[in-house]
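Written out below as structure tokens is the structure these notes cover.
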Amino acid sequence: MRATFADGGTGAFDALIGADGVHSAIRALALGKEAEFARSLGYYTAAFVLDSPPLRGLPPDAFSTLTEPGRQVAIYPIRGDRLATFFIHKADRALDDFSAEAARAALRRVYGDMNWVVPELLDRSREVAGLYFDVVEQITMPRWSQGRVALVGDACQCVSLLAGQGASMTMAGAYTLALECVFFSAATGLGQIRVSRGHGPGGARCRLPASALPLDRGQRQRVLRSGSVLTCFVYTYPARA
Ligand SMILES: Cc1cc2nc3c(=O)[nH]c(=O)nc-3n(C[C@H](O)[C@H](O)[C@H](O)COP(=O)(O)OP(=O)(O)OC[C@H]3O[C@@H](n4cnc5c(N)ncnc54)[C@H](O)[C@@H]3O)c2cc1C
Numbered sequence: 228m229r230a231t232f233a234d235g236g237t238g239a240f241d242a243l244i245g246a247d248g249v250h251s252a253i254r255a256l257a258l259g260k261e262a263e264f265a266r267s268l269g270y271y272t273a274a275f276v277l278d279s280p281p282l283r284g285l286p287p288d289a290f291s292t293l294t295e296p297g298r299q300v301a302i303y304p305i306r307g308d309r310l311a312t313f314f315i316h317k318a319d320r321a322l323d324d325f326s327a328e329a330a331r332a333a334l335r336r337v338y339g340d341m342n343w344v345v346p347e348l349l350d351r352s353r354e355v356a357g358l359y360f361d362v363v364e365q366i367t368m369p370r371w372s373q374g375r376v377a378l379v380g381d382a383c384q385c386v387s388l389l390a391g392q393g394a395s396m397t398m399a400g401a402y403t404l405a406l407e408c409v410f411f412s413a414a415t416g417l418g419q420i421r422v423s424r425g426h427g428p429g430g431a432r433c434r435l436p437a438s439a440l441p442l443d444r445g446q447r448q449r450v451l452r453s454g455s456v457l458t459c460f461v462y463t464y465p466a467r468a
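Residue numbering for the sequence shown follows this note's numbering, beginning at 228 and increasing consecutively.
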């Protein structure tokens with residue numbers, strides 16, 4: 228398949244993997260409009276990272292949160308002596324402007340009367356360059372691929388930050404898709420890749436894709452132990468008709 232990029236460049240590829248997030252453009256091009264798959268949870272979220280040292284009064288190395296009905300502020304240390312913070316609030320009206328100015332206005336309107344470290348956070352939100360602001364929604368799809376186009380991560384399985392573990396699920400999904408490519412390209416050719424939504428026996432710890440199910444227990448364990456799925460697979464995968 229041929230792809231044309233925003234800068235005008237083109238290329239020919241065996242497959243196109245859309246890893247472009249909850250508002251995926253690849254999904255819109257290949258599988259359908261966002262509205263078909265989006266489930267709004269009725270909340271908005273803003274998030275930013277503070278580069279300077281922690282705010283006074285916060286316990287170090289702890290996730291701290293102030294939660295009230297309909298709104299939550301959370302702050303937690305991340306690598307590099309930085310602080311990550313996010314705000315979640317119930318929507319009082321639908322928004323369609325997600326600019327930094329709209330984000331700051333929403334933060335002031337919704338959280339302006341909160342105490343704790345919130346006033347300082349609101350002040351310091353003015354100094355950050357990357358202010359994330361978005362609707363909180365989940366993406367559920369009946370299928371994650373169309374021909375040679377496949378999706379991974381929030382583009383097809385967004386659980387939202389309310390559920391947590393979205394990044395882990397994204398990596399697990401990409402890992403599973405990569406294994407599917409290895410199994411199926413060796414057995415049948417790239418055109419027959421299946422995208423697995425589940426895990427094989429052993430659960431998430433193993434993360435074996437469905438196409439590995441024909442392997443017997445000993446073969447699966449060798450695959451997992453080897454650390455080299457490709458090598459093991461080539462020797463152990465039973466031929467398919
Ligand atoms: C405030 C907040 C806090 C969170 N906290 C956690 C947490 O603690 N733990 C956790 O596991 N998950 C957390 N999540 C969820 C997690 O961030 C996501 O599930 C994860 O980032 C999804 O990864 P992804 O690669 O699918 O999408 P993204 O991380 O959204 O990456 C998509 C990438 O595609 C790029 N892109 C989009 N469109 C185009 C285009 N047309 N051309 C080129 N590039 C494009 C984007 O710039 C972006 O870099 C949080 C989410 C939010 C909003």
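Cβ atoms here follow ideal geometry from the backbone N, Cα and C, with glycine treated the same way.
(message) Below 6 Å, is the gap between the Cβ of PHE275 and the nearest heavy atom of ligand 1?
(response) Not one heavy atom of ligand 1 is found less than 6 Å from the C-beta of PHE275.
Practice item. Give the single residue among LEU389, ALA318, ILE366 whose Cα lies nearest to the Cα of LEU258. Key: Closest by alpha carbon: ILE366.
Query - Closest Cα partner of LEU322 within the set SER267, ALA242, GLY380 - result: The shortest C-alpha separation from LEU322 is found at SER267.
Problem set entry | Where the beta strand (DSSP E) through GLU354 begins and ends | Membership of GLU354 in any beta strand (DSSP E) is not indicated, and neither H nor E is assigned to it by DSSP.
Practice task
Put ALA437 into one of helix, strand or coil per three-state DSSP.
Solution key: Per-residue confidence for ALA437 stands at a pLDDT of 45, beneath the threshold of 50, marking its modelled position as unreliable; no derived number is given.
When DSSP labels each residue in this structure, what does PHE232 get in the three-state scheme?
Of the three classes helix, strand and coil, the one that applies to PHE232 here is coil, per DSSP.
Exercise for review: Would you mind giving the Cβ-Cβ distance between ARG335 and LEU358, rounded to the nearest angstrom? I have them listed as a contact below 8 Å.
Suggested key: Contact between ARG335 and LEU358 fails: their C-beta atoms lie close to 13 Å from each other, not under 8 Å.
| Going straight from the alpha carbon of ALA382 to that of ALA274, what length do you get? | Using only the alpha carbons, I get a separation of about 20 Å.
Nearest-angstrom Cα separation, counted from THR292 out to THR231: Each residue's alpha carbon lies about 44 Å from the other.
What is the rounded straight-line gap between the Cα of ALA289 and the Cα of PRO304?
-> Spanning the two alpha carbons is a distance of roughly 7 Å.
Applying the criterion that 16 or more other CB atoms from any shown protein chain within 10 Å of the CB defines a buried residue, is THR397 buried or exposed?
Residue burial is scored here from C-beta neighbours: THR397 has at least 16 other C-beta atoms within 10 angstroms and is therefore classed as buried.
For CYS408, which option in ASP241, ASP234, GLY236 has the closest C-alpha, if you only look at C-alpha atoms?
Minimum Cα distance to CYS408 is reached at ASP241.
Around the C-beta of GLY245, are 16 or more other C-beta atoms found within 10 angstroms, so that it is buried, or is it exposed? Counting every other CB atom within 10 Å of its CB across the protein chains shown gives GLY245 a total of 16 or more, marking it as buried.
Open item on the list: Here's the rule I'm using: 16 or more other beta-carbon atoms within 10 Å means buried, otherwise exposed. How should LEU389 be labelled?
Closed with: Around the C-beta of LEU389, fewer than 16 other C-beta atoms lie within 10 Å, and the residue is accordingly described as exposed.
Checklist entry - In the structure shown, what three-state DSSP assignment does PRO286 receive? => result The DSSP-derived three-state label of PRO286 is coil.
PHE314 CB to nearest chain D CB: under 7 Å? This model lacks chain D altogether, as it is built from one protein chain only.
Helix, strand or coil, according to DSSP, for LEU358 in the structure here? Coil.
Original post:
In the structure shown, what three-state DSSP assignment does GLY269 receive?
Top reply: If DSSP states are grouped into helix, strand and coil, GLY269 belongs with the strands.
| message | In whole angstroms, give me the CA-to-CA distance for ARG318 and ALA333. | response | Contrary to the premise, residue 318 reads as Ala rather than Arg in this sequence. For ALA318 and ALA333, the distance between alpha carbons rounds to 10 Å.
Where do the ends of the alpha helix (DSSP H) carrying PHE264 lie? According to the DSSP assignment, PHE264 belongs to the alpha helix (DSSP H) that extends over 261-264.
Handout entry: Chain-order list of residues whose beta-carbon lies under 7 Å from that of LEU243 (same chain, five-residue window excluded)
Key = Once the five neighbours on either side are set aside, the close Cβ partners of LEU243 are MET228, ALA230, ILE253, ARG375, VAL376.
Proximity of VAL379 and LEU406 at Cβ, strictly below 7 Å = No, they are not a contact pair.
Quick check on the burial criterion: 16 or more other C-beta atoms within 10 angstroms. Buried or exposed for GLY235?
GLY235 should be labelled exposed.
Exercise for review: Report the rounded CA-to-CA distance for VAL337 versus GLY238, giving the unit in angstroms.
Suggested key: Cα-Cα distance, rounded: 47 Å.
TODO: Could you pull out every unbroken beta strand (DSSP E) segment of at least 3 residues lying fully inside the region 356-399, listed in chain order?
DONE: DSSP assignment within the region 356-399 yields the following whole beta strand (DSSP E) runs of 3 residues or more, N-terminal first: 359-366, 376-378.
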